[in-house]
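Working notes, beginning with the structure itself.
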Amino acid sequence: MTRIFSGIKPTGHLTLGNYLGAVRRWVEVDQHGAEALFSVVDLHALTVEHDPGRVRRLSRQAATLLLAAGLDPKLCTLFVQSHVDEHARLSYLLECTATDGELRRMIQYREKSVLARAAGEGVRLSLLTYPVLMAADILAYGADEVPVGEDQTQHVELTRDLAVRFNQRYGHTFTVPRATAPKVAARVMDLQDPTSKMGKSHANGAGIVYLLDDAETVRRKIMRAVTDSGRDVEYDREGRPGVANLLDLMAAATDGNPEALAGVYQSYGALKKDTADAVVELLRPLRERHAELAADQGHVDQVLRDGAERARGVARPLVDRAYRAIGLLPAG
Ligand code: TYM
Numbered sequence: 000m001t002r003i004f005s006g007i008k009p010t011g012h013l014t015l016g017n018y019l020g021a022v023r024r025w026v027e028v029d030q031h032g033a034e035a036l037f038s039v040v041d042l043h044a045l046t047v048e049h050d051p052g053r054v055r056r057l058s059r060q061a062a063t064l065l066l067a068a069g070l071d072p073k074l075c076t077l078f079v080q081s082h083v084d085e086h087a088r089l090s091y092l093l094e095c096t097a098t099d100g101e102l103r104r105m106i107q108y109r110e111k112s113v114l115a116r117a118a119g120e121g122v123r124l125s126l127l128t129y130p131v132l133m134a135a136d137i138l139a140y141g142a143d144e145v146p147v148g149e150d151q152t153q154h155v156e157l158t159r160d161l162a163v164r165f166n167q168r169y170g171h172t173f174t175v176p177r178a179t180a181p182k183v184a185a186r187v188m189d190l191q192d193p194t195s196k197m198g199k200s201h202a203n204g205a206g207i208v209y210l211l212d213d214a215e216t217v218r219r220k221i222m223r224a225v226t227d228s229g230r231d232v233e234y235d236r237e238g239r240p241g242v243a244n245l246l247d248l249m250a251a252a253t254d255g256n257p258e259a260l261a262g263v264y265q266s267y268g269a270l271k272k273d274t275a276d277a278v279v280e281l282l283r284p285l286r287e288r289h290a291e292l293a294a295d296q297g298h299v300d301q302v303l304r305d306g307a308e309r310a311r312g313v314a315r316p317l318v319d320r321a322y323r324a325i326g327l328l329p330a331g
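Sequential numbering from 0 applies to the sequence shown in numbering that gives the first Met the number 0.
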């Protein structure tokens, strides 16, 4: 059976980008017919300046939201990364497989290290090694597929390289995984700056739709989305990124096709209004279910305990095998 692994990091409130780029497929496709594991990857949230209490709160909130979105613990395994030691154990072996050059080339490292320096903060070493930990997340489970948005494909490529290199040097140990991306909305853009990705940790929230925003807020953000001074509705991601982003959102929310939708609209105003309505309807059940689940944290914690137990059962033998393969003496 195909095995699937994916993760989400609790560095901010979950966004519409997270939902359309990844979570929706986890719910609608990946947890059915495959052995799927999903993780709130909290260790990754420590790679940039962080507040301990906030990371804890966001981890719980992310898990609650994933359940509200429809992950079903009977169909898949949901857990928190730091509850399963195998991620950190394997990460070290992969640090002994990767080179500093290939990590310094990672786009996210280059972008985020510049930001950290500009803010007068030191660049944490873990920001550089982040993709190695991500590789460990995936390889520890022998995952075949990694459903992610477009921004993560370079990291999955590195994961593949590390798996192949390890296998060649130490004998076949890891499955070489592949990234899968959605057909539409693989890269949702910021509504105020449609040339950059809608990211949960942006300082300015005006261009970001959060999954827990109320209907009025979602409407306002979409109605105020930056477009351009043209009038015709055309799907041109390069030339007209703002309008293309709205068409992507509309298509994703209504299972439509962005190019076909472009022909339906005569004005940006009408497109914005319909997109706002469609996104509000898409998120409504999720928000309602979240309110119910948030009132029952005991249930969420139990799901996470069971999930960690199951995840350990899958990862431990595989990581043990990697320890032996690389030359470490078994504990006896
Ligand atoms: P993260 O937490 O930034 O995002 C979680 C998922 O949401 C997708 N995503 C988007 N998709 C489309 N448009 C956007 N604007 C957008 N923003 C985010 C991401 O591509 C991702 O699929 N490094 C990962 C977390 C991670 C992981 C893993 C993922 C750690 N270990 C192992 C897969 C497998 C990250 O920062 O995702």
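Cβ coordinates follow ideal geometry from the N, Cα and C atoms, glycine included.
Here the structure is a predicted model, which is why all the values come from computation and not from measurement.
Taking 7 Å as the cut-off, decide whether the C-beta atoms of Leu292 and Thr63 are in contact. yes
Count the CB pairs spanning the stretch 49-63 and the stretch 272-280 that are closer than 8 Å, and state whether there are at least three. no
What are the complete beta strand (DSSP E) segments, minimum 3 residues, inside the stretch 64-139? 75-79
Using a Cβ-Cβ cutoff of less than 7 Å, which residues in the same chain neighbour Asn166 once the five nearest sequence positions on both sides are dropped? Thr172, Phe173
At what residues does the alpha helix (DSSP H) containing Val278 begin and finish? 267-293
Quick check: what's the CA-CA separation for Ala21 versus Tyr140? 19 Å
For Ala205, which residues in the same chain have their Cβ closer than 6 Å to its Cβ, ignoring the five residues on either side in sequence? Gln191
Kindly indicate the opening and closing residues of the beta strand (DSSP E) around Val263. From DSSP, Val263 is part of no beta strand (DSSP E); its letter is neither H nor E.
Whole-angstrom distance between Asp84 and Ile325, CA atom to CA atom: 18 Å
Round the Cβ separation of Pro240 and Met197 to the nearest angstrom and send it over; I've been treating them as touching at under 8 Å. That pair is no contact at about 12 Å.
Counting pairs of beta carbons, one from the stretch 204-220 and one from the stretch 26-42, are three or more of them closer than 8 Å? no
From what residue to what residue does the beta strand (DSSP E) around Pro146 run? 144-146
Any non-hydrogen atom of ligand 1 within 6 Å of Gln30 CB: no
Ser38 - partner residues in DSSP beta bridges: Gly6, Phe78
Taking 6 Å as the cut-off, is the CB of Val145 close to at least one heavy atom of ligand 1? yes
Report back the beta-carbon spacing between Asp143 and Arg2 to the nearest angstrom; my notes put them in contact at under 8 Å. 5 Å
Simplified DSSP state of Thr179, which is helix, strand or coil: strand
In this structure, how does DSSP classify Met249 when only helix, strand and coil are distinguished? helix
Where Met188 sits in the DSSP three-state scheme: strand
Identify whether Tyr18 lies in helix, strand or coil by the three-state DSSP scheme. helix
Can you look up Lys196 in the DSSP assignment and give me helix, strand or coil? strand
Exposed or buried, Leu327, counting other C-beta atoms within 10 Å across all chains shown (16 or more means buried)? exposed
Closer than 8 Å is the cut-off here; do at least three beta carbon pairs connect the stretch 65-83 with the stretch 99-107? no
Contact set for Ala97: own chain, Cβ-Cβ below 7 Å, skip 5 residues either direction: Val131, Leu161
With C-beta atoms as the reference, is Arg164 less than 7 Å away from Val175? no
Could you tell me the boundaries of the alpha helix (DSSP H) in which Tyr169 lies? 152-169
Any idea what DSSP makes of Tyr209, helix, strand or coil? strand
Leu317 to Ser125 span [Cα, whole Å]: 24 Å
Rounded to the nearest angstrom, how far is the Cβ of Lys8 from that of Val40, given a contact under 8 Å? 5 Å
Report yes if the CB atom of Ala134 is closer than 7 Å to the CB atom of Val183, and no otherwise. no
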